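Numbering (mature numbering (1 follows the signal peptide of the UniProt record, and there is no 0)), first residue to last: -23 to -1, 1 to 438.
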């Protein structure tokens, strides 16, 4: 995700195996008249610029799955048991583990992290305020996004050589960027720390704790950090934007709550069914607590136990996405409507809009847009700084005959004009910018349209 990320990243019908209690999963028809669900997946793929294949599941009155590929990625090659990297969706699992430990009385959100860190470990603090478990799970610890001095030996597998010792060595020389609890800044470092201390509190590595508390109770047999031989054989290849194969990411099991999980669509749907309340599970209390809002980010948006939270007319949607070098994943849950959606992608290509649309149809999916050429002289009309919040702005500038944008703490992104005057769109991800003119026909503001939300920004003088 970009832009908004910093204001808060077709088989036959059958039931699952008898062991896990679950609704029957219905696959799309094989005939030439696909149903609306299948058609939606195909329509979304037709709008995708990058070659990619996707596995999609929806939890509603029935649980449905569908699979598809863009023409440039070739024929469909996955099924419900294919295993994908899910990246930072792992953080939602970490949040559920924390919620489970809280409701069991094993930890409290207000506990300082230092209570569970190794003896002698130096955990940074600021102005007398220690980092708590709540600070870590809501990204308000003040820790930076990545460890100090983080220099991967292999950029194609960046976390493979990062050890627990390296984690605490980094923390020992880290200065917090803000007081704990004062400001939200997304931190992978914080979730590596959270993973490790929760495991230490339970007396086992984080991945074993996750297996005990979440994966086994939900019969998620193809999910984990250390996959068994059978699941490893079903692990699909990841791809970059050109659809070239890239290496899988490896993360130390004790730190894997940051983004080290692999999972199949059917396992993720077991998780989604339990999370949405569509079926009862031993984790009902943990899920309910994990959805408790811990931090208000802005109007209509907040953070729970790692979950992003969005208040919508259809209810409250809880979501988390994730991306590694060759995969993208998204889960969205609406417990009020007992619905959920899972999207697993075999490339670093976001289809988050599809997951959100499946739980709230008022959120649009990406559509194919046609760019037109503008007279380069007209591009100057849009150049300027547009302020959405005191801490988040979008700068619009020219690079020759190209119109570029750059949001706070993000890289430059090109925008493209549409036939409708003053309407532009982004090809790299789903977002539109609509500029508005004042009484003298000069551009005075813009509206950012992304993820079902519209945010206005005035042009700075």
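For each residue, glycine too, the CB sits at the ideal point set by N, CA and C. All of these numbers come straight from a predicted model, not from anything done at the bench.
The residues 99, in chain order, have a CB closer than 6 angstroms to that of residue 149 in the same chain once the five nearest residues on each side in sequence are set aside.
According to the DSSP assignment, residue 13 belongs to the alpha helix (DSSP H) that extends over 13 to 23. Of all alpha-carbon atoms in 400, 42, 48, the one lying nearest the alpha-carbon of residue 57 is that of 42.
Three or more pairs of CB atoms, one per stretch, sit closer than 8 angstroms, so the stretch 68 to 76 contacts the stretch 250 to 265. Beyond the five residues adjoining it in sequence on each side, residue 83 comes within less than 6 angstroms, by CB distance, of no other residue in the same chain. Taking the C-beta atoms as reference points, residue 371 is found nearer than 8 angstroms to residue 434.
Per DSSP, the continuous beta strand (DSSP E) segment holding residue 412 begins and ends at 409 to 414. A residue is called buried when at least 16 other Cβ atoms come within 10 angstroms of its Cβ; residue 63 meets this threshold and is buried. By the 16-neighbour rule on beta-carbons within 10 angstroms, residue 165 is buried.
In the structure shown, residue 81 adopts coil according to DSSP, grouped into three states. Counting the other CB atoms within 10 Å of its CB gives residue 437 a total below 16, which places it among the exposed residues. In this structure, residue 273 keeps its C-beta atom at 8 angstroms or more from the C-beta atom of residue 174. Proximity to residue 310 across 240, 130, 284 peaks at 284, based on C-alpha coordinates.
Annotation note: the stretch 352 to 421 contains the following uninterrupted alpha helix (DSSP H) runs of length 4 or greater, listed N- to C-terminal: 353 to 356.
Check the Cα spacing between residue 331 and each of 204, 119, 298, 230: the tightest is with 298. By the criterion of at least three beta-carbon pairs nearer than 8 angstroms, the stretch 288 to 298 is not in contact with the stretch 24 to 31.
It is roughly 18 angstroms from the alpha-carbon of residue 107 to the alpha-carbon of residue 146.
As the crow flies, the alpha-carbon of residue 302 is around 23 angstroms from that of residue 246.
Contact annotation: residue 239 and residue 61 have beta-carbon atoms nearer than 8 angstroms.
Every alpha helix (DSSP H) of 4 residues or more that sits fully in the stretch 282 to 366 is shown, in chain order, as 329 to 336, 353 to 356. A distance of 8 angstroms or more separates the beta carbons of residue 88 and residue 119. The closest CA to that of residue 348, considering only 364, 315, 394, is found on 394. If the five residues before and after residue 307 are omitted, its C-beta is found closer than 6 angstroms to the C-beta atoms of 298, 320, 329, 332, all from its own chain and listed in chain order. In the structure shown, residue 435 falls within a strand segment according to DSSP collapsed to helix, strand and coil.
Counting of Cβ neighbours within 10 angstroms places residue 216 among the buried residues, the total reaching 16 or more. Within its own chain, the residues whose Cβ lies closer than 6 angstroms to the Cβ of residue 228, once the five positions on either side in sequence are excluded, are 136, 237, listed in chain order. In the three-state scheme derived from DSSP, where H, G and I count as helix and E and B as strand, residue 162 is classed as coil. The alpha carbon of residue 36 has as its nearest neighbour, out of 315, 350, 345, the alpha carbon of 315. If the five residues before and after residue 179 are omitted, its C-beta is found closer than 6 angstroms to the C-beta atoms of 186, all from its own chain and listed in chain order.
Secondary structure of residue 142 (DSSP, three-state): helix.
Here residue 127 is not near residue 234, since their CB atoms are 8 angstroms or more apart. Annotation: the continuous alpha helix (DSSP H) that includes residue 114 extends over 110 to 114.
Within the stretch 43 to 98, complete beta strand (DSSP E) segments of at least 3 residues are found at 60 to 62, given in chain order. Residue 106 is bridged by DSSP to 103. Taking the Cα positions, residue 161 is about 16 angstroms away from residue 152. Here the alpha carbon of residue 125 sits roughly 48 angstroms from the alpha carbon of residue 418.
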